[in-house]
Amino acid sequence: MGKAIGVKLIDELGRRHDGRLPDQMRPVKMRINVLENADGSALVEYGRTRILAAVYGPREPVQKFMALPDRALLRVRYHMAPFSTEERKSPAPSRREIELSKVIREAFEDIILVKYFPRTAIDIFLEVLQADGGTRTAAVTAASLALANAGIPMKALVAGVAVGKIEGQLVLDVDEIEDGSGEADMPVAYAPDIEKITLFQLNGVLTREELERGLDMALNAIRELVELEKRTLKEEYVSTEEV
Amino acid sequence: MTPGDKLPGDVEAKEPYVVEINGVKVATTIGLLDTSGEKPVYIPLQSIYVPRKGDVVIGLVQSVGVVNWTLDINSPYNGVLPASDFLGRPYNPATDDLSQYLQVGDYVKVKIVAFDRTRNPLLTVQDKGLGKIVDGKIIEVQPSKVPRVIGKKRSMLEMLKKETGCEIFVAVNGRIHVKCPDEDRETILILAIKMIERQAHTTGLTARVQEYIEELKKVKGVE
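Protein sequences appear in the order of chains A and B. For what it's worth, numbering that gives the first Met the number 0 labels the leading residue of the first sequence as 0, then goes sequentially. For what it's worth, numbering that gives the first Met the number 0 labels the leading residue of the second sequence as 0, then goes sequentially.
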């Protein structure tokens, strides 16, 4: 990480260091049903960022005292594998991982219909297998797919993407290099079907106009991501039909 | 349909698989919208079994307590089977050892007597046909696929019984108890049920399952 020295992040033609245009996503891949033991699972890739999500529940919470009398307890664990980064990451949960677990949980608290399953727990495990920027937003996308795959009732599908500012220009879906040397980073998660922003963070400085334009870019990209989520979920059933 | 998809206002469906958000009915799971009937019907492809009073379910003994057994009934809530109910007589924890009657791993056919959102379901075996399951096999399917295994007017279930000669009991929590004359028929039946589970969302399933069973019978050399 740190500032990339001598690397031009946007060239004269407006292309980014990996050849993308400012409002272009990295190639996105989604798969569901990747784990046998979990009730629902998903694997999501944003370029080189790769996240595995597993969902369990609703089930009796392991620690019964944690159960809530009127709704299901939602637990999220965001974790980076020791091999996910260039330098080994200690497997112990860091301050950052605890924070991200919390913001991702909050992104789903109003989406999952927790009130139908009082005194139970729903567990979401998010494992970053390879980190290349945008892990929290890819994790939100993976969690949303895994929840739908597990059959847990939810108001809508959610997806996330980050908008950054590099060399004075707004760019969509920042990767590690851009994040390390950019001026701002704004991860957003959104549920297009119910028009609700469920996660919004901003690191750095943006003008009001930039923020509004950046948010528009993110929401448009998320609409496409959710469409892809829906296609992924439907394809699973079409493919079994042909057995 | 996927979570968040809007449904017609007169759709027939149960909560929580369809909820109303800002006056619009919305699907909350992956499902199908059947528009062939008078009213559109939403069929969830996945569901979570929530116990209801009067349901007959098959439970798996999870732990043996001092005065009761805890049963996994394939639901977010574990069932409680009191010892006095199972034994049918007053019961003294000092003299009776519950693990003599039911052990961890035993299957029991039980009825749900009471369940509300504050307490775990209370179970009973005091009715016809209920009690410990001592023979046959248990097959698990997703609870949402149970109506398909039974079929319209029990058509699928009757067909399975006729074709394989097995006794079949389908519990609403997705556990199916089968008793077969021999192992070959049992294998055929299990494969057929697994096929129903995989293709539950397709049409013309009964006929296809029947064909599949006949094919398997030829391979196995069963009459």
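The beta-carbon is built from N, C-alpha and C at its ideal position, and this holds for glycine as well.
Shown here, tyrosine 115 (chain A) sits in a helix according to DSSP, grouped into three states. Within the DSSP secondary-structure output, glutamine 45 (chain B) pairs in no beta bridge. Residue nearest to phenylalanine 85 (chain B) within the set B:Ile189, B:Lys24, B:Thr186, B:Val107 is B:Val107 (criterion: CA-CA distance). Sequence-distant partners of glycine 135 (chain B) (beyond 5 residues in either direction) whose C-beta falls short of 8 Å from its own C-beta, in its chain, are Glu166, His176, Val177, Lys178, Cys179. In this structure arginine 25 (chain A) is in contact with tyrosine 45 (chain A), their Cβ atoms being roughly 5 Å apart against a cut-off of 8 Å.
In this chain, tyrosine 90 (chain B) is not harboured by any alpha helix (DSSP H), its DSSP state being neither H nor E. Spatial neighbours of glutamate 162 (chain B) in its own chain (CB-CB distance under 7 Å, excluding positions within 5 residues in sequence) are listed in chain order as Gln209, Ile212. If you draw a straight line from the Cα of leucine 12 (chain A) to the Cα of leucine 169 (chain A), it is about 15 Å long.
For glutamate 19 (chain B), there is no enclosing alpha helix (DSSP H); the enclosing beta strand (DSSP E) covers residues 17-20. Judged by DSSP in its simplified three-state form, methionine 158 (chain B) adopts helix.
Pro43, Leu44, Gln45, Ser46, Ile47, Val49: these are the residues of the segment 40-53 of chain B whose beta carbon lies less than 9 Å from some beta carbon of chain A, given in chain order. With fewer than 16 neighbouring CB atoms inside 10 Å of its own CB, aspartate 9 (chain B) falls in the exposed class. In chain order, Pro50, Arg51, Lys52, Tyr76, Pro120, Leu121 place their CB closer than 8 Å to the CB of phenylalanine 114 (chain B), counting only its own chain and leaving out the 5 sequence neighbours on each side. Nearest to glutamate 96 (chain A) by alpha-carbon distance, out of A:Glu228, A:Tyr115, A:Ile111, A:Arg76, is A:Arg76. Residue state for arginine 87 (chain A) is assigned as coil, using DSSP reduced to three classes. Of the candidates A:Leu214, A:Glu175, A:Val187, A:Val187 places its Cα closest to the Cα of valine 102 (chain A). Scanning B:Gly78, B:Met158, B:Pro142, B:Glu19 for the CA closest to the CA of valine 171 (chain B) turns up B:Pro142. When C-beta distances to chain A are compared with 8 Å, the residues of the segment 96-125 of chain B below that value are Arg116, Thr117, in chain order. For methionine 194 (chain B), the enclosing alpha helix (DSSP H) stretches over residues 182-197. Per DSSP, the unbroken beta strand (DSSP E) holding leucine 169 (chain A) starts and ends at 168-171. One Cα belongs to serine 143 (chain A), the other to alanine 158 (chain A), and the distance between them is close to 7 Å.
In the structure shown, glycine 179 (chain A) falls within a helical segment according to DSSP collapsed to helix, strand and coil. Arginine 104 (chain A) sits away from leucine 67 (chain A), with the two beta carbons spaced by 8 Å or more. Across the structure, lysine 88 (chain A) and glutamate 98 (chain A) are spaced so that their CA atoms are roughly 17 Å apart. Pairing leucine 44 (chain B) with tyrosine 115 (chain A) gives a Cβ-Cβ distance that is not under 8 Å. Pairing valine 63 (chain B) with glutamine 99 (chain B), the inter-Cα distance amounts to about 10 Å. Residue state for valine 218 (chain B) is assigned as helix, using DSSP reduced to three classes. Residue burial annotation: aspartate 174 (chain A) is buried, with at least 16 other C-beta atoms found within 10 angstroms of its C-beta. Shown here is that no member of the segment 169-184 of chain B has a Cβ falling below 8 Å from a Cβ of chain A. Valine 18 (chain B) has a beta carbon lying within less than 8 Å of a beta carbon in chain A.
Residue environment analysis places glutamate 177 (chain A) among the buried positions, since at least 16 neighbouring C-beta atoms fall within 10 angstroms of its C-beta. Where serine 40 (chain A) is concerned, the enclosing beta strand (DSSP E) starts and stops at 39-45. Residue-level contact check: valine 148 (chain B) does not touch chain A, since none of the beta carbons of chain A fall below 8 Å from its beta carbon. The beta carbon of threonine 84 (chain A) sits closer than 8 Å to those of Ala130, all from its chain and outside the five residues before and after it, given in chain order. Residue state for tyrosine 236 (chain A) is assigned as helix, using DSSP reduced to three classes. Under the three-pair Cβ rule at 8 Å, the segment 223-235 of chain A does not count as touching the segment 198-207 of chain A.
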